[in-house]
Amino acid sequence: MGTPLPEPQAGRQLLETANHQEAIAQKDEEIAHLHQQLEALHQAQADLATVTTEREQQIFALRQKNEELGQQLQKASQATVIAEKDQQIAALQQETEELWQQLAAGASAEKAIAEKDRQIADLRRHIEELRLQLQARTEEGSTLPSKNRQIAELQQQLQDLRLQLQNRPDPQRQLAQKDRQIAELQQKLADQTSNFIRENKPEGHRKDSHPPTVAPPSSTLDPVDVERQLKDHLGTTVWFCLDDRSQHDLSQAILLHQQQILLQETDFSEVGDRLCDVIAREIIQPFFQALYDFLTQHNRPPDIGGISLEANKQYTFGLLPSLIAPQWETLNVSALQGPEFPPDNQLYMTGVPAQLVGGGDRNLMQQFLHDWEHPLATWLLEEAEEAASWIDQTHKLHARIGQDAPLYEWQYDLLACLVMGDEDWLGILQAVYRGHG
Numbered sequence: 073m074g075t076p077l078p079e080p081q082a083g084r085q086l087l088e089t090a091n092h093q094e095a096i097a098q099k100d101e102e103i104a105h106l107h108q109q110l111e112a113l114h115q116a117q118a119d120l121a122t123v124t125t126e127r128e129q130q131i132f133a134l135r136q137k138n139e140e141l142g143q144q145l146q147k148a149s150q151a152t153v154i155a156e157k158d159q160q161i162a163a164l165q166q167e168t169e170e171l172w173q174q175l176a177a178g179a180s181a182e183k184a185i186a187e188k189d190r191q192i193a194d195l196r197r198h199i200e201e202l203r204l205q206l207q208a209r210t211e212e213g214s215t216l217p218s219k220n221r222q223i224a225e226l227q228q229q230l231q232d233l234r235l236q237l238q239n240r241p242d243p244q245r246q247l248a249q250k251d252r253q254i255a256e257l258q259q260k261l262a263d264q265t266s267n268f269i270r271e272n273k274p275e276g277h278r279k280d281s282h283p284p285t286v287a288p289p290s291s292t293l294d295p296v297d298v299e300r301q302l303k304d305h306l307g308t309t310v311w312f313c314l315d316d317r318s319q320h321d322l323s324q325a326i327l328l329h330q331q332q333i334l335l336q337e338t339d340f341s342e343v344g345d346r347l348c349d350v351i352a353r354e355i356i357q358p359f360f361q362a363l364y365d366f367l368t369q370h371n372r373p374p375d376i377g378g379i380s381l382e383a384n385k386q387y388t389f390g391l392l393p394s395l396i397a398p399q400w401e402t403l404n405v406s407a408l409q410g411p412e413f414p415p416d417n418q419l420y421m422t423g424v425p426a427q428l429v430g431g432g433d434r435n436l437m438q439q440f441l442h443d444w445e446h447p448l449a450t451w452l453l454e455e456a457e458e459a460a461s462w463i464d465q466t467h468k469l470h471a472r473i474g475q476d477a478p479l480y481e482w483q484y485d486l487l488a489c490l491v492m493g494d495e496d497w498l499g500i501l502q503a504v505y506r507g508h509g
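With positions in the sequence shown counted from 1, the corresponding number in the working numbering is that position plus 72.
1) Have a look at Glu458 and Gln159 and give me their C-alpha separation to the nearest angstrom.
2) Look up Gly423 in the DSSP assignment and say whether it is helix, strand or coil.
3) Can you round the beta-carbon distance between Leu395 and Val343 to whole angstroms, since I take them to be within the 8 Å contact cut?
4) Quick check on Gln143: buried or exposed, where buried means 16 or more other Cβ atoms within 10 Å of its Cβ?
5) With 16 as the cutoff for other CB atoms within 10 Å, does Thr89 come out buried or exposed?
6) Between the segment 320-328 and the segment 441-455, do three or more beta carbon pairs fall short of 8 Å?
7) Can you tell which of Leu86, Leu501, Asn91 and Thr125 has the C-alpha that lies nearest to the C-alpha of Asp315?
8) Using DSSP with H/G/I as helix, E/B as strand and the rest coil, what is Asp375?
9) Sorted by chain position, which residues of the same chain lie with C-beta nearer than 8 Å to Leu381's C-beta, five sequence neighbours on each side aside?
10) Measuring straight from C-alpha to C-alpha, what distance separates Thr388 and Asn371?
11) Report the three-state DSSP secondary structure of Trp400 (helix, strand or coil).
12) Thinking C-beta only, is Ala352 closer than 8 Å to Trp400?
13) Which residue marks the beginning of the alpha helix (DSSP H) containing Asp365, and which one marks its end?
14) If I measure Cβ to Cβ from Thr422 and keep anything under 7 Å in the same chain, skipping five residues before and after, which residues do I get?
15) Please name the residue in Ser341, Ala397, Val405 and Gly307 whose C-alpha comes closest to that of Gly499.
16) Could you give the first and the last residue of the continuous alpha helix (DSSP H) run that contains Asp476?
17) What number of angstroms, rounded off, separates the C-alpha of Glu495 from the C-alpha of Glu445?
18) Taking Cβ to Cβ, would you say Leu448 is nearer than 8 Å to Ile356?
19) Looking only at DSSP bridge pairs, what is Ser380 linked to?
20) Rounding to the nearest angstrom, what Cα-Cα distance links Arg346 and Asp433 in this structure?
21) Whose CA, out of Asn384, Gly378 and Ala116, lies closest to the CA of Gly431?
22) Nearest CA to the CA of Trp462: which residue from Leu479, Asn384 and Leu486?
23) For Gly390 and Val491, what's the separation of their Cα atoms in angstroms?
24) When you compare only the Cα positions, how much space is there between Leu120 and Leu86?
25) Please classify Phe312: is it buried, with 16 or more other beta-carbons within 10 angstroms of its beta-carbon, or exposed?
26) For a test of the three-state rule: what should DSSP assign to Leu86, helix, strand or coil?
27) Can you give the beta carbon distance from Ser341 to Pro478, rounded, assuming they're within the 8 Å contact cut?
28) Between which residues of its own chain and His470 is the CB-CB distance below 7 Å, once the five residues before and five after are set aside?
29) Which same chain residues end up closer than 7 Å to Asp339 when comparing Cβ atoms and leaving out the 5 residues on each side of it in sequence?
30) Would DSSP call Lys137 helix, strand or coil?
31) Buried or exposed, going by whether 16 or more other CB atoms sit within 10 Å of the CB of Ala151?
32) What residue range does the alpha helix (DSSP H) around Lys303 cover?
33) Should Gly493 be labelled buried (16 or more other beta-carbon atoms within 10 Å of its own) or exposed?
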């Protein structure tokens, strides 16, 4: 058994042991705390890695979005540029259209001015001719010199021969035929002492709705007398409103008709064609040319009532009536086949437009006729149905010219009355020009 330590020494050992145990406990606590810190650091590191991954994902997403925004911005810039180009193109097109409209308006105005100048020149010429005629009539014993008479006759005969040569396939044969006609007429004229009275004049009354079928009176085959009688019949005002070519055609129509009667011919197509040329020149062509100018000046398409208009185009008679009236009195084509004048109830029938003319087109026609400064406009406005009737009847007779069947004398008489009238009825020319001058 050992020797026990002294009491003081044992106390010190116990104290040191306690201190060591306390120190060990503190170290254990420090170790545990460090383990906690280490775990916290590991957790923080794991959290940081997670955050880093999330940030990298966010950065990647932002980069993608940035690229998409860049592409969208580029596309938007291109769209803006395209839109600006479209606006520039539209502005240029509008400016071009305005310039074309100004150019068209200027051209139309020049046409209108030129037409007015032509009308003024024609009126001045007609006034001067009328003044000279009146001056000649006031001179005592005034007559046309024999040389002037011969020149006029030769000029008319020359014009007739030229027309015959142009219209016939065999000029030499026609020239010889004219020579024979002249010789025969000279022999027959020696026996005539008074005005020639037309034979075989169609009998029968005419209804009030249309004129009689009797041609205007004519005299001998003297061209000067024929022209004088035409002036007296139509009226001086009407005569000088006509184109020179129309005056010549009317005179030649009377002369040729008398020649054909003397030669007992049965086809009056040639003389009827001259009368139709007058209506085409005085009525049809001026109407459609003025209507075309009116539409273009008002920036409207050049078509109306199903009719397409063009500058300087030749138009048929049958196009006009439907534009001025919804119906009218016309000729029955089947009644024009025979050589004898048919009864009224077989000859006349109601005509209607071949093409549909709407209310808008009719209103436009009224505006055109009100604006048109021409005597024809007054007749078409105030006597629309009468004008449509007479023009369409002329059209039906004109359609027979050039056909295999002849234009019979009663048909020529009706045509002549429609164009020139007679002692009781006005014709188309008088109806148009009687109030002009």
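Where a beta carbon is used, it is the ideal one built from N, C-alpha and C, also for glycine.
By the coordinates alone:
1) Glu458 and Gln159: Cα-Cα distance of roughly 56 Å.
2) Correct three-state label for Gly423: strand.
3) 29 Å between Cβ atoms; not a contact.
4) Result: exposed.
5) That one is exposed.
6) Verdict: no, contact absent.
7) Checking every option, the nearest Cα to that of Asp315 belongs to Leu501.
8) It is a strand residue.
9) So the qualifying residues of the chain are Phe360, Leu363, Tyr364, Leu367, Pro374 and Asp375.
10) Between Thr388 and Asn371, the alpha-carbon positions lie close to 25 Å from each other.
11) Shown here, Trp400 sits in a strand according to DSSP, grouped into three states.
12) Between Trp400 and Ala352, the C-beta gap is not smaller than 8 Å, which leaves the two residues out of contact.
13) Taken as a continuous stretch (DSSP letters only), the alpha helix (DSSP H) holding Asp365 covers Gln357 to Gln369.
14) Counting only Cβ-Cβ distances below 7 Å, and skipping sequence neighbours, we find Gln399 and Glu401.
15) Ranking Ser341, Ala397, Val405 and Gly307 by Cα distance to Gly499 puts Gly307 first.
16) Asp476 -> no alpha helix (DSSP H), and no H or E assigned at all.
17) Straight-line Cα distance between these residues: approximately 29 Å.
18) No, the Cβ-Cβ distance between Leu448 and Ile356 is not below 8 Å.
19) DSSP output for Ser380 lists Asp375 as bridge partner(s).
20) Between Arg346 and Asp433, the C-alpha separation is close to 33 Å.
21) Of the listed residues, the one whose Cα sits closest to Gly431 is Gly378.
22) The candidate whose alpha carbon is nearest that of Trp462 is Leu486.
23) If you take the alpha carbons of Gly390 and Val491, they lie about 16 Å apart.
24) Approximately 50 Å, taken between the alpha carbons.
25) Classification of Phe312: buried, given that the 10 Å Cβ count is 16 or more.
26) Residue state, collapsed to three classes: helix.
27) Taking a contact as a CB-CB distance under 8 Å, the pair Ser341 and Pro478 counts as one, their CB atoms being some 6 Å apart.
28) Same-chain partners within the cutoff: Cys348 and Phe389.
29) Here the set comprises Pro478 and Leu479.
30) Lys137 sits in a helix when the DSSP states are folded into three classes.
31) Counting Cβ neighbours within 10 Å, Ala151 comes out exposed, since fewer than 16 surround it.
32) Counting along the chain, the alpha helix (DSSP H) containing Lys303 begins and ends at Pro295 to Leu306.
33) In this structure Gly493 is buried. Its beta-carbon is surrounded by 16 or more other beta-carbon atoms within 10 angstroms.
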